[in-house]
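Numbering (full-length UniProt numbering), first residue to last: 1 to 243.
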């Protein structure tokens with residue numbers, strides 16, 4: 001998506017920035033790890049293929065991606081206010097600050113997903129959208145510190161604040177002619193044995209709605225974008241990125 005190409009998100013400990021070309025070499029290095037390939041169900045790409053993928057994701061209207069970095073000026077107390085006012089690409093989000101990524105994938109809400117939402121689309125020509133979340137903390141030293149939860153809270157807050165623009169961009173890029181009116185719910189698909197991720201999303205108001213499928217994945221859903229954790233924290237804010 002292009003909506004976030006000049007926007008960053010600052011939290012107490014993290015800086016979320018749009019996935020940009022200077023991030024690709026580090027991202028490519030991460031994805032050579034077999035454990036990450038398994039966890040993300042990904043195949044290794046060449047460096048040139050990774051650059052092409054980054055460019056594609058920037059253009060695709062159904063994908064919203066941020067790279068997760070450590071904050072350049074982490075407050076020492078919750079009452080402190082971060083002083084960063086603008087993010088310079090390649091400086092505050094330099095490779096040594098990168099720890100992972102967080103993604104939103106949009107698709108139309110099908111009848112089997114939400115009968116009410118689908119019925120509304122038949123009657124009004126306006127359809128609901130489903131958002132699927134993925135998060136990866138790639139650096140081993142950054143795991144187990146609550147960074148994934150903080151990143152997800154900030155990301156869902158951003159989705160909530162930017163939802164009209166997100167739906168507009170998705171509608172413009174959609175093959176079907178529906179006017180997408182709302183985000184019905186967020187979902188994640190997690191391996192049934194990935195207890196850490198299951199526990200993480202359950203603390204964020206996600207509820208398991210399925211038994212393990214053929215691939216051993218369970219689905220969890222939440223409407224939290226419409227309230228609750230969408231408010232994140234008072235320290236979460238948008239900043240200009242580049243420009």
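Ideal placement from N, C-alpha and C gives every residue a C-beta, glycine not left out.
Within the model, the alpha-carbon separation for residue 108 versus residue 51 is close to 28 Å. In this structure, DSSP gives residue 7 an extended state, which the three-state scheme calls strand. The beta-carbon separation of residue 239 and residue 130, rounded to 29 Å, does not stay under the 8 Å limit for a contact. Residue 10 and residue 161 have their C-alpha atoms spaced approximately 14 Å apart.
Across the set 46, 195 and 58, the C-alpha of 58 shows the shortest separation from the C-alpha of residue 66. Sequence-distant partners of residue 169 (beyond 5 residues in either direction) whose C-beta falls short of 8 Å from its own C-beta, in its chain, are 1, 2, 3 and 61. Residue state for residue 32 is assigned as coil, using DSSP reduced to three classes.
The beta carbon of residue 147 sits closer than 8 Å to the beta carbons of 13, 14, 68, 99, 100 and 137 from its chain, once the five residues preceding and following it are set aside; these are given in chain order. Ranked by how close their Cα comes to the Cα of residue 70, the residues 17, 28, 189 and 218 have 17 in first place.
The Cβ-Cβ distance between residue 241 and residue 6 falls below 7 Å. Rounded to whole angstroms, the Cβ separation of residue 110 and residue 188 is 17 Å, and the two are not in contact under 8 Å.
In the displayed model, residue 174 falls within coil according to three-state DSSP, outside both helix and strand. At a Cβ-Cβ threshold of 7 Å, residue 8 and residue 87 count as neighbours. Take residue 44, set aside five residues on each side of it, and the residues of its chain with a beta-carbon closer than 8 Å to its own are 31, 32 and 37, in chain order. Secondary structure at residue 91: coil, using DSSP grouped into helix, strand and coil. Under the DSSP definition of a beta bridge, residue 27 lacks any partner.
Closest in alpha carbon position to residue 156, among 225, 144, 35 and 46, is 225. Sorting 54, 195, 166 and 204 by C-alpha distance to the C-alpha of residue 182 places 166 at the top. Taking a 10 Å sphere around the C-beta of residue 19, we find 16 or more other C-beta atoms and assign the residue as buried. Within the DSSP secondary-structure output, residue 136 pairs in a beta bridge with 101. The residue from 209, 237 and 25 with its alpha-carbon nearest to that of residue 151 is 237.
Collapsing the DSSP output to three states places residue 51 in a helix. Within the same chain, 31 come within 7 Å of residue 42 by CB-CB distance, once the 5 residues on both sides are set aside.
Residue 106 holds the alpha-carbon nearest to the alpha-carbon of residue 64 among 96, 35 and 106.
For residue 201, the closest alpha carbon among the candidates 34, 47 and 153 is that of 153. For residue 95 and residue 140, the gap between their C-alpha atoms comes out near 15 Å.
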